[in-house]
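Protein chains: 2
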Amino acid sequence: MATLSYPVGVSETTRVMRSDAARTVRAILEAAERVLSKNPAASMEQIAEAAGVARTTVHRRFASREALVDAMAAWATRKFAEAVESAHPESTPPLVALYQVTASVLKVKSDWGFAMSRALSDDPEVARVHADVEERCDRLFRRAQAAGVLRADVDTGWARRVYYALIHEAAQSRDAEPDALATRVVDTLLRGVGTGQGL
Amino acid sequence: MATLSYPVGVSETTRVMRSDAARTVRAILEAAERVLSKNPAASMEQIAEAAGVARTTVHRRFASREALVDAMAAWATRKFAEAVESAHPESTPPLVALYQVTASVLKVKSDWGFAMSRALSDDPEVARVHADVEERCDRLFRRAQAAGVLRADVDTGWARRVYYALIHEAAQSRDAEPDALATRVVDTLLRGVGTGQGL
DNA sequence: ACAACTTGCAACACTAATGACGCAAGTAAT
DNA sequence: ATTACTTGCGTCATTAGTGTTGCAAGTTGT
Chain X
1 MATLSYPVGV SETTRVMRSD AARTVRAILE AAERVLSKNP AASMEQIAEA AGVARTTVHR
61 RFASREALVD AMAAWATRKF AEAVESAHPE STPPLVALYQ VTASVLKVKS DWGFAMSRAL
121 SDDPEVARVH ADVEERCDRL FRRAQAAGVL RADVDTGWAR RVYYALIHEA AQSRDAEPDA
181 LATRVVDTLL RGVGTGQGL
Chain V
1 MATLSYPVGV SETTRVMRSD AARTVRAILE AAERVLSKNP AASMEQIAEA AGVARTTVHR
61 RFASREALVD AMAAWATRKF AEAVESAHPE STPPLVALYQ VTASVLKVKS DWGFAMSRAL
121 SDDPEVARVH ADVEERCDRL FRRAQAAGVL RADVDTGWAR RVYYALIHEA AQSRDAEPDA
181 LATRVVDTLL RGVGTGQGL
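As you go down the protein sequences, you meet chains X and V in turn.
With the first letter of the first sequence counted as 1, position 146 gets the number 146 in our numbering; the numbers rise by one all the way through.
With the first letter of the second sequence counted as 1, position 78 gets the number 78 in our numbering; the numbers rise by one all the way through.
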């Protein structure tokens, strides 16, 4: 049984957390992202070491490995939603929104790639936010279709999956600057890599 | 130490393998693909159960978990190379070759998705074959550029990564028929999902 | 029929990882 | 300064997974 002496996780309580404890939680989350993105099977020991804390401290803050990964997913999901939100995808022309969203999401994705891949969390709140973003994406694509930017004969679901895949691919390039990547993603999404000859 | 009473793996010996043993090896490889593609951290026990054999039998045939995964990678890599080969990508017009290769690879990928994702094997033979296929892909793309099918201003490396990503994405759709998927992949790769308006 | 081979089963040893606990030392907030 | 909180360290228990071995029973090929 998990009987801990004080609260566990990030937002599981309304209690105020002492600043040093909050720093530790943050350090663990960031270290976990760094370590797990390189090796998803890494041990708690390795994560603790990367965070510069003792393994027991990790267990004090997160009741189990699963709880830690869930907290990462929740954290990254919030960042993700914020990124989409900050791009105002509903109130700008579709093409502009596409660039903005792409650039914002790429930033988050390069920092929280592992956590974001764990989107299928059992936390209903996380699932809700992801469904919400997906819905937003579909709305944006439908607006783009209406504006004649997106072809009307392509399935919106397929378009979204291609979009996600391109973002994922672009996020692997850790070197290039974000704006160039966003441009490349949107360009490839809309025009592909062909000339249009011979079709 | 691994001191087994008889040969381990698939092609690690020239000795003739009894037919029932060969069947078992095949069953294990296929079961491992099925199980590991759903859960990469699945235990040998689960793999054995899915293969309908005892766990000890798996260990008799594959000295370690690593050896099993390596054998899967080798097996899938052979299938992969055969698929590319059968499409004759060098001797047909680039556009035709693109369709043929896509369709062939999609078939293999839907059956050996996990094993193929383990492309980065330490087996030099596997690495060689993958590098070979990559080289073939680049050659095909350069021929396509020369033929005016592919834009000259896109990086060949990026085009290949997009191509791989689209194939990966299409392979997730287990329902649709392979030819339709191949068409969709090539279409999206060359034309994207945009109309070309507003760029 | 016979020899060689293969499998399942039961048992075993070993390892790595997880999680819990108490205590001493240190830090934050009042 | 005092109180409450937090951390590191050492330690322990438990579990799950891995890999090995011997043997009886069954199968394959000749």
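Just so it is clear, CB atoms sit at the ideal spot from N, CA and C, and this is done for glycine as well.
Small disclaimer: the values here were computed from a predicted structure and weren't measured.
Between the C-alpha atoms of V:Thr3 and V:Thr57, what's the straight-line distance to the nearest angstrom?
-> Confidence is the limiting factor: at V:Thr3 the pLDDT is only 37, short of 50, which leaves the residue's position unreliable, though a coordinate-based value still follows. Approximately 15 Å between the Cα atoms of the pair.
Is there contact between the stretch 103 to 123 of chain X and the stretch 61 to 76 of chain X, where contact requires at least three CB pairs shorter than 8 Å?
-> yes
Listed by chain order, chain V residues near X:Ala41 by CB distance under 9 Å = Pro40 and Ala41
With 7 Å as the C-beta to C-beta threshold (strictly closer), list the residues of the stretch 134 to 155 of chain X near chain V in chain order.
-> Gly148, Val149, Leu150, Arg151 and Val154
Cβ-Cβ distance between V:Val149 and X:Val154 below 7 Å = no
V:Phe217: first and last residue of the uninterrupted alpha helix (DSSP H) it sits in = Outside the displayed span of chain V (1 to 199) sits residue 217 of chain V, for which this structure offers no information.
Assign X:Leu199 to one of three DSSP states: helix, strand, or coil.
-> coil
X:Ala194 - partner residues in DSSP beta bridges = The displayed chain sequence assigns Gly, not Ala, to residue 194 of chain X. Answer by DSSP bridge pairing, in chain order: V:Leu150.
Touch test, the stretch 48 to 62 of chain V against the stretch 81 to 100 of chain V, Cβ-Cβ under 8 Å, three pairs minimum = no
Which residues in the same chain as V:Ala51 place their Cβ atom closer than 6 Å to its Cβ, once the five residues preceding and following it in sequence are excluded?
-> Ala27, Ile28 and Ala31
Cβ of V:Ala115 within 7 Å of Cβ of V:Glu33?
-> yes
Less than 8 Å between the CB atoms is what I'm expecting for X:Ala97 and X:Leu166, so what's the real figure, rounded?
-> Wrong, their Cβ atoms sit about 16 Å apart, outside the cutoff.
Nearest-angstrom Cα separation, counted from X:Ser19 out to X:Glu12 | Model confidence at X:Glu12 stands at a pLDDT of 48, short of 50, so the residue's coordinates are unreliable; what they give is reported in the following sentence. Near 17 Å, if we compare the C-alpha coordinates of X:Ser19 and X:Glu12.
Should X:Ala182 be flagged as near chain V, meaning a C-beta pair shorter than 7 Å?
-> no
Considering only the beta carbon of each residue, do V:Arg136 and V:Pro89 sit closer than 7 Å?
-> yes
What does a CB cutoff of less than 8 Å around V:Asp179 pick up in its chain, not counting 5 residues either side in sequence?
-> Ala103
Exposed or buried, V:Gln197, counting other C-beta atoms within 10 Å across all chains shown (16 or more means buried)?
-> exposed
C-alpha distance - V:Val53 paired with X:Ala146, whole-angstrom precision = 56 Å
In this structure, does DSSP put X:Val105 in helix, strand or coil?
-> helix
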